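Under UniProt numbering, the residues of the sequence shown are numbered 1 to 159, in order. For glycine and all other residues, C-beta sits at the position ideal for the given N, C-alpha and C. Values in this document were obtained by computation on a predicted structure and should not be read as measured data. A quick write-up on the structure given underneath.
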Amino acid sequence: MDTLLDLLNSRPLVNGEERDALGDPAGGRRWAREHGGEGSLAELALLRETRDILRDIVRGEGSPAALSPLLEGVHQIPEITSDGLQWAVKTPQHARLAVEAVLAWAATEKQLPGRLRPCANDECRLFLLDRSRANRARWCSMAVCGNREKARRHYERTR
């Protein structure tokens, strides 16, 4: 799930300016390799496409059906290991990271429904996975976005 969040958060706003970790070949290669990918241009293009579709879905602006073309030809093969049954994803190497992100999103939706969501700060483009018991986390970072929002509300109440 960390790779899923990292992918969703790979296009943040920094000082009001968009930064895309997958936008340039060198930075994209570095990001992909840090997450177990190969860093090819085909992989980066697929990761950007997957990220944008998943961001729309999590925001409620897109349909999960948009992921179907990304999963064409993908198979999960059961493998028996000393740890028990494992499922191995069979897909072209350049598509593996993108497919794993889609599978992580599907698992998150099934196991933790509604807990993957965008930050409540309208000026933030990041996402969070709420692991709290109460399911009330609203901000990607309490120290940054949560503090800004609370300060903004306090200012509006006291002016």
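Selected residue, minimal CA-CA separation from residue i, among the options
i: THR108; options: ARG131, SER141, THR158; result: ARG131
i: PRO92; options: GLU156, PRO118, MET142, GLU72; result: GLU72
i: ARG55; options: GLN76, ALA137, LEU7; result: LEU7
i: ASN121; options: GLY114, LYS110, GLN111, ARG138; result: ARG138
i: LEU46; options: ARG30, LEU22, HIS35; result: LEU22
i: MET1; options: GLY60, ARG30, GLN111, GLU17; result: GLN111
i: ILE53; options: ARG19, ALA101, ASP24, LEU41; result: ALA101
i: ALA42; options: LEU97, ARG11, CYS145; result: LEU97
i: PHE127; options: GLY84, GLN76, MET142; result: MET142
i: LEU13; options: ARG30, TRP31, CYS145; result: CYS145
i: ALA26; options: GLU38, PRO113, ARG133, SER82; result: GLU38
i: ASN135; options: ARG30, VAL89, GLY114; result: GLY114
i: GLU49; options: ALA66, GLU34, ARG33, GLU156; result: ALA66
i: GLU18; options: THR81, HIS75, ARG125, GLU34; result: ARG125
i: HIS35; options: ARG159, CYS140, VAL99; result: VAL99
Counterpart residues of residue i in DSSP-defined beta bridges
i: TRP87; result: PRO78
i: GLU18; result: LEU13
i: ARG115; result: ARG115 pairs with nothing; no bridge assigned.
i: LEU128; result: ARG117
Under 7 Å between C-beta atoms of residue i and residue j
i: LEU129; j: LEU116; result: yes
i: residue 160; j: LEU4; result: For the chain, the structure presents residues 1 to 159; residue 160 sits outside this window and is missing.
i: ARG59; j: PRO118; result: yes
i: HIS94; j: SER10; result: no
i: PHE85; j: PRO78; result: Residue 85 is actually Leu in this sequence, not Phe. Cβ distance < 7 Å, so LEU85 and PRO78 count as in contact.
Other residues of its chain near residue i: CB distance less than 6 Å, five sequence neighbours each side excluded
i: GLY28; result: LEU22, LEU44
i: GLU123; result: none
Close Cβ partners of residue i (< 7 Å) along its chain, the five nearest in sequence each way excluded
i: GLY62; result: ILE53, ASP56
Entirely within the stretch 30-67 and at least 4 residues each: give me those alpha helix (DSSP H) ranges in chain order. 41-59
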